[in-house]
Structure formats: C-alpha cells, structure tokens
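Participant:
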Amino acid sequence: MRNALPTSNVILGYKNLLGIDVPADRLSLIKNISKDHIIAELAGLNYRLKGTFSKEVDSKISSQECELLYFCGKDERLANKYVLLINKLTKGNKTSLFHRQSCMFGIEEVLQSTIPVVPDFKMSPADWEPLLQYLLCVNEHITQSRKSKEGEQVTFESLNPRLLPLAESILLNDPLYIVYRGLLLMDYLANENETKGYLKAYFDEKYSISYERFIFELFQMFFANETQYKDLEFLLRRAGRSSL
Numbered sequence: 017m018r019n020a021l022p023t024s025n026v027i028l029g030y031k032n033l034l035g036i037d038v039p040a041d042r043l044s045l046i047k048n049i050s051k052d053h054i055i056a057e058l059a060g061l062n063y064r065l066k067g068t069f070s071k072e073v074d075s076k077i078s079s080q081e082c083e084l085l086y087f088c089g090k091d092e093r094l095a096n097k098y099v100l101l102i103n104k105l106t107k108g109n110k111t112s113l114f115h116r117q118s119c120m121f122g123i124e125e126v127l128q129s130t131i132p133v134v135p136d137f138k139m140s141p142a143d144w145e146p147l148l149q150y151l152l153c154v155n156e157h158i159t160q161s162r163k164s165k166e167g168e169q170v171t172f173e174s175l176n177p178r179l180l181p182l183a184e185s186i187l188l189n190d191p192l193y194i195v196y197r198g199l200l201l202m203d204y205l206a207n208e209n210e211t212k213g214y215l216k217a218y219f220d221e222k223y224s225i226s227y228e229r230f231i232f233e234l235f236q237m238f239f240a241n242e243t244q245y246k247d248l249e250f251l252l253r254r255a256g257r258s259s260l
C-alpha cells in the first residue's frame, strides 16, 4: 500500500557530490564516446527507471545502487568510491543520482551536439566514469535555482528544484489505461457530426491509417516487447544493421 504522503528524494549533482566546479562544457566529458552509444545508454536508463508496464518510477535505493554499479562499468571499487561520497554528503537520507528528467535532457542535448558516431565503437572501462559524471553535470544543470520575475507564479518545484522527482513520485499512471482512454475519446469524436470529419482527416494526413489502427499499433508496442528478462525489453536498432 502506498504512503499517503511521498518521501522527498533529493537529486545529487556534480558540484555537491564531487566538491569541484562543473566543467564549462559538460559535453567534453563524453566527447570520446560514440553518439549512438551515449543515446542508447541514456534511453536504456530511462526505460529501466519506468518500464512499459510500470505505474510509477523506480526510485528504490537498491535500484539506484544497481544503476551506479552499471555506470561504473561494473567496477566495484569505483562504485564504492561514489557510495562513500554519497553517504558522507547525505548521512543516510534518501537521494537520487539517476532519474528520468536528466535522461530526457541528456538525450536531447546529445542529439543536438556535434559528438560523432564512431563506427564499430565499443565502450571501454575508461568511458564509464565520464558518462556518469556527465549525468551528474546534467543533474546540476536542471536543478539550478533561479530568481523569479515579479508577478511570475512560483511553484513548489521552482522553490527547491532539487526535489524535482517529488512531483513524479506522486503520480500513478497505468500506461495501458492511458491508451484505452485515448480510444474512448476518439470513439466519442468519431460519433459526433461536428468532429468526425476532422478526426478522419487528421489521421489520414498524419499517419495514413484509421484511428482504430493507430490505437492497435500503440497496444502492440506494449505487448510485442514483453519478456521475462527485463534487460531485453529495451532495444535500439542501429541503422543499416540487422542486429543490435
């Protein structure tokens, strides 16, 4: 049973964890990693934090520890170094290194960057810590406090952006039910004389399929990837290759 009130979960950034200033160009940390590998790792992390059938974000301490070990290249000595830094800073309070907001920001930033795609690139042990530190830099960036303009509406998150995951932890959403609600809405619009023509024209122009087929394809995306092995549920297929 869920608690009536969510527990705050503070995001750790580069400066407050490592005790040094954030690099002027955070992308320079990952310039030697192929762009497609960076995007794949960030997208995979985003998926693991909230998978296809998950109703809420996985913010468990054990999951954060697993992700830390993963982004340390499975190097336990390196992971333990970060664990000691985290424990020293937080004194046992619940914190977050990995969350979906940084994943989405990082994916967009890397996509727009000039970091090249390196053919036949493979991650080396030396590549993992820079990628981890890039995520910490992104954490730092998206949680920066700023002064509100006069008359601007102030939200809870703007007062303390390091509590940013709190809003997402409050929300429970069933991805399958969201699609089903979309189907009910489209059924309603398709049966109203004033809207049915617009609905058909929109799907003909945008997708060249009916709205019923569109919903079917969305449901198929959920069930086609279902597997008992969680690590196999997220796939990124590289252009021009028949295998991953």
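To get my numbering, take the position in the sequence shown, counting from 1, and add 16.
Using N, Cα and C, we set each Cβ at its ideal position, and we do this for glycine too.
1. Is the CB-CB distance between Cys153 and Asn62 below 7 Å?
2. Can you give me the start and stop residues for the alpha helix (DSSP H) that His53 sits inside?
3. Who are the Cβ neighbours of Leu101 in its own chain at under 6 Å, not counting the five residues just before and after it?
4. Taking only three categories from DSSP, how would you classify Thr106?
5. Would you report the Cα separation of Leu49 and Trp144, rounded to the nearest angstrom?
6. In terms of residue numbering, what span does the alpha helix (DSSP H) encompassing Cys119 cover?
7. Within 10 Å of its beta-carbon, does Val133 have 16 or more other beta-carbons around it, so buried, or fewer, so exposed?
8. Can you say whether Gly29 is buried or exposed, counting buried as having 16 or more other CB atoms within 10 angstroms of its CB?
9. Output yes or no for whether 7 Å exceeds the beta carbon distance between Ala95 and Leu105.
10. Quick check on Gln80: buried or exposed, where buried means 16 or more other Cβ atoms within 10 Å of its Cβ?
11. Just verifying my parser: in three-state terms, what is the DSSP assignment at Val134?
12. With a Cβ-Cβ cutoff of 7 Å, do Ile46 and Ile54 count as a contact?
13. For a test of the three-state rule: what should DSSP assign to Ile27, helix, strand or coil?
14. Would you give the residue range spanned by the alpha helix (DSSP H) that Pro146 belongs to?
15. What are the start and end residues of the alpha helix (DSSP H) that includes Lys216?
16. For Asn209 and Leu215, what's the separation of their Cα atoms in angstroms?
17. At the level of alpha carbons, what is the spacing between Tyr218 and Ala59?
18. Taking 6 Å as the cut-off, is the beta-carbon of Leu205 closer than that to any non-hydrogen atom of the ligand HEM?
19. Please confirm if Lys76 has its CB atom under 7 Å from at least one CB of chain C.
20. Quick check: what's the CA-CA separation for Tyr150 versus Leu43?
21. Looking at the unbroken alpha helix (DSSP H) that takes in Cys88, where does it start and where does it end?
22. What is the DSSP secondary structure of Ser78, counted as helix, strand or coil?
23. For Asp74, which residues of its own chain have a beta-carbon under 6 Å away from its beta-carbon, when the five flanking residues on both sides are left out?
24. Once DSSP output is grouped into helix, strand and coil, what is the label at Ser185?
25. Does the distance from the C-beta atom of Met202 to that of Tyr227 stay below 7 Å?
Facilitator: With the given structure in hand:
1. Cys153 places its beta carbon 7 Å or farther from that of Asn62.
2. For His53, the enclosing alpha helix (DSSP H) stretches over residues Lys51 to Leu65.
3. If you ignore the 5 residues before and after Leu101, its C-beta comes within less than 6 Å of the C-beta of Leu33, all in its own chain and listed in chain order.
4. Thr106 falls in the helix class under three-state DSSP.
5. The identity of residue 49 in the sequence shown is Ile, whereas the question assumes Leu. Rounded to whole angstroms, Ile49 to Trp144 spans 9 Å at the Cα level.
6. Element bounds for Cys119: Arg116 to Leu127.
7. It counts as exposed.
8. Counting Cβ neighbours within 10 Å, Gly29 comes out buried, since at least 16 surround it.
9. With a cutoff of 7 Å on beta-carbon distance, Ala95 and Leu105 are scored as not near each other.
10. Buried, since its Cβ has 16 or more Cβ neighbours within 10 Å.
11. Here Val134 sits in coil by DSSP.
12. Yes, these two residues count as a Cβ contact at 7 Å.
13. DSSP places Ile27 in strand when its eight states are reduced to three.
14. Residues Pro141 to Ile158.
15. From DSSP, the alpha helix (DSSP H) with Lys216 extends over Lys212 to Lys222.
16. Pairing Asn209 with Leu215, the inter-Cα distance amounts to about 11 Å.
17. For Tyr218 and Ala59, the gap between their C-alpha atoms comes out near 30 Å.
18. Because no ligand of any kind appears in the structure shown, any question about the ligand HEM cannot be addressed here.
19. Protein chain content of the structure displayed is limited to a single chain, and chain C is not contained in it.
20. Cα to Cα, Tyr150 sits roughly 7 Å from Leu43.
21. DSSP places Cys88 outside any alpha helix (DSSP H), giving it a letter other than H or E.
22. Look at Ser78 here: in three-state DSSP terms it is helix.
23. Closer than 6 Å at Cβ, skipping near neighbours: Leu65.
24. With a pLDDT of only 48 at Ser185, under the threshold of 50, the placement of this residue in the model should not be trusted; the figure read from the coordinates follows. Secondary structure of Ser185 (DSSP, three-state): helix.
25. Met202 is a Cβ neighbour of Tyr227, given a cutoff of 7 Å.
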